[in-house]
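Below: one structure, written as structure tokens.
In this note's numbering, the protein residues as written are 62 to 273.
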């Protein structure tokens, strides 16, 4: 019977290092391979910095500043008190008060004041201009007052109907003390800058006060 040659036996090799360490010798520790270090990534905005506390509650907004003037100073509140007019007294008798008022009006116009700035009130007889214009009717008469283009003459009893003007001239050419006492305070309210009173000084001082 012929002999069949035996096939060589192949032993499987365990995977791992090709050679086992010798008895009594330790395997060397593998060294790290030199190379570039990893670059650290950007720090997160939410991550707190070392030594500082993390983000807390939002800070309160600063108080709103007060409005200031261009120079840096706080603006002062505006005054609501109406301006007090200057008072000028022209001593004159009842008979000469009308002539004194006409002279005062001429001086004001010569000084550059506009005719529409002047209102004239008489406590006695009407000024000749007013008497002439009233002959055409009160509607046409007061229309000239509303237009405000010229000097306007009126009776002191109509002062409540008259509008304010920069200058008011009061002619104390008659009337009783009560009429004068009513007319002067109202005339002062109608005068924006100047009140001119033509009349007896003692009589005027008794109404407006001494030293006027």
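The beta-carbon is built from N, C-alpha and C at its ideal position, and this holds for glycine as well.
Asked                                                                                                                                                                           : Found
Have a look at 248, 262, 176 and flag the residue whose alpha-carbon is nearest the alpha-carbon of residue 219.                                                                : 248
Give me the DSSP bridge partner(s) of residue 252.                                                                                                                              : 226
Under a Cβ-count criterion, where at least 16 other Cβ atoms within 10 Å of its own Cβ denotes burial, should residue 106 be classed as buried or exposed?                      : With a pLDDT of 43 at residue 106, under the threshold of 50, the modelled position of this residue cannot be trusted; read the value that follows with caution. Result: exposed.
When DSSP labels each residue in this structure, what does residue 215 get in the three-state scheme?                                                                           : strand
Among 222, 217, 197, which one has its Cα closest to the Cα of residue 207?                                                                                                     : 222
Could you check the C-alpha separation between residue 179 and residue 239 for me, to the nearest Å?                                                                            : 24 angstroms
Taking DSSP's pairing of strands, which residues face residue 361 in a bridge?                                                                                                  : With the chain running from 62 to 273 in the structure shown, residue 361 is simply not present.
Does the structure place the region 227-236 close enough to the region 174-194 that three or more beta carbon pairs sit under 8 angstroms?                                      : yes
What span of residues does the beta strand (DSSP E) with residue 181 cover, start to end?                                                                                       : 179-183
Just grab the DSSP bridge partners of residue 231 for me.                                                                                                                       : 182, 258
Tell me whether residue 189 is buried or exposed, calling it buried when 16 or more other Cβ atoms sit within 10 Å of its Cβ.                                                   : exposed
Taking the C-alpha atoms as reference points, what is the distance between residue 228 and residue 166?                                                                         : 10 angstroms
Residue 200 lies in the alpha helix (DSSP H); which residues open and close that run?                                                                                           : 199-208
So, for residue 170: in the same chain, excluding its five sequence neighbours on each side, which residues have a beta-carbon less than 7 angstroms away from its beta-carbon? : 176
By a C-beta neighbour count over all protein chains shown, 10 Å radius and 16 as the cutoff for buried, is residue 168 buried or exposed?                                       : exposed
Check whether the Cβ atoms of residue 230 and residue 268 lie closer than 9 angstroms to each other.                                                                            : no
How many Å lie between residue 29 and residue 155 at the Cα?                                                                                                                    : Coverage of the chain is limited to positions 62 through 273, which leaves residue 29 absent and any answer about it impossible.
Can you list, in chain order, the residues of its chain whose CB lies under 6 angstroms from that of residue 242, leaving out five sequence neighbours each side?               : 268
Since residue 152 sits in a beta bridge, which residues does DSSP pair it with?                                                                                                 : 260
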